[in-house]
Each structure stands twice: as C-alpha cells, then as structure tokens.
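A quick write-up on the structure given underneath.
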Amino acid sequence: MSEAMLTNQSEHQSEELNFTAFTDLCRFCSLKNGPKLHLFDKEAEQRQIIFKIRSLLPVVITKEDFLPKKICELCVNRLELLFEWRANCVQTDVSYHPCG
Ligand SMILES: [Zn+2]
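In our numbering, the protein residues as written are 17 to 116.
This is the structure:
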C-alpha cells in the first residue's frame, strides 16, 4: 500500500513541471529560483549578455528556440567575471607578442 502511495506522489510531481515552469528555468544552470534576466530584453542587450555568451560558451541560443530564455543573477555574475577574465588574458597575450 505504501508503495502505491509513493508512485502516485512522483506522478503528481512530474505533472507540476509544466511548460511554464520549464521556460522559467535558468538556461545555464537550470535553477528555478532567484531573480532572472530575460536574454533578449533591453537590460540584457545593454549588458551585452548574448554577445558575451557567444564569445565564451559553445551554446547556441536563438529567439526562436523553445528552450528557456532566462539567466539567473548568479550566472550573469559568472558570465561577466569570465568575460572580464578572458579579456584580460587576451590583453596579456597581446603584450607578450609586441611584434604581432
Ligand atoms: Zn543560472
């Protein structure tokens, strides 16, 4: 009897993961919680989020795909740190090759 109850419970939980909940996940870490920035809204554009993602990650994101379009605050921070680090590394490398 307790086995049947467990089965019912897990079925109920999978029903709760509907499409709305899916599109609300962070595209990069799949976390559901925390404030999220939409990848294609004005703020994201100003912060060059898509540009940074395309420079750093082998992930293809288009407005037309059916995957989550949000990024959580933690991932935005990581992205910006990583982008800055990458830019510094490139700059250092350039300084080691003054003659091109
Ligand atoms: Zn995230």
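Every residue gets a Cβ at the ideal spot worked out from N, C-alpha and C, and that includes glycine.
None of the values given here were measured: they were computed from a predicted structure.
task = Answer yes or no: the CB of CYS91 versus the heavy atoms of ligand 1, is any distance below 8 angstroms?
result = Taking the sequence shown and counting its residues from 1, the one referred to as residue 91 is at position 75. Yes, since a heavy atom of ligand 1 falls inside the 8 angstroms radius drawn around the Cβ of CYS91.
task = Using beta-carbon positions only, say whether ILE87 and LEU53 come within less than 9 angstroms of one another.
result = Here residue 87 corresponds to residue number 71 of the sequence shown, with the count starting at 1. Here residue 53 corresponds to residue number 37 of the sequence shown, with the count starting at 1. A distance below 9 angstroms separates the beta carbons of ILE87 and LEU53.
query = Buried or exposed: which applies to PRO84, given that a residue is buried once 16 or more other Cβ atoms fall within 10 Å of its Cβ?
reply = What you label residue 84 is simply residue 68 of the sequence shown in a count that begins at 1. The residue in question, PRO84, is buried, as its Cβ has 16 or more Cβ neighbours within 10 Å.
inquiry  = Please classify CYS91 as buried or exposed, where buried requires at least 16 neighbouring CB atoms within 10 angstroms.
reply    = Translated into the one-based positions of the sequence shown, residue 91 becomes position 75. With 16 or more neighbouring CB atoms inside 10 Å of its own CB, CYS91 falls in the buried class.
key: Cα-Cα separation between VAL75 and CYS115, rounded to whole angstroms   = For the purposes of this step, residue 75 is taken as residue 59 along the sequence shown, with counting starting at 1. For the purposes of this step, residue 115 is taken as residue 99 along the sequence shown, with counting starting at 1. In a straight line, the C-alpha of VAL75 is about 34 angstroms away from that of CYS115.
key: Contacting residues, own chain, Cβ-Cβ under 8 angstroms from LYS48 (five flanking each side not counted)   = Looking up residue 48 in the sequence shown gives position 32. If we look at LYS48 and ignore the five residues flanking it on each side, its Cβ neighbours are ALA37, ASP40, LEU41 and CYS42.
key: Check whether GLU89 and PRO51 have beta carbons under 9 angstroms apart   = Within the sequence shown, numbered from 1, the residue matching residue 89 stands at position 73. Within the sequence shown, numbered from 1, the residue matching residue 51 stands at position 35. Yes, they are a contact pair.
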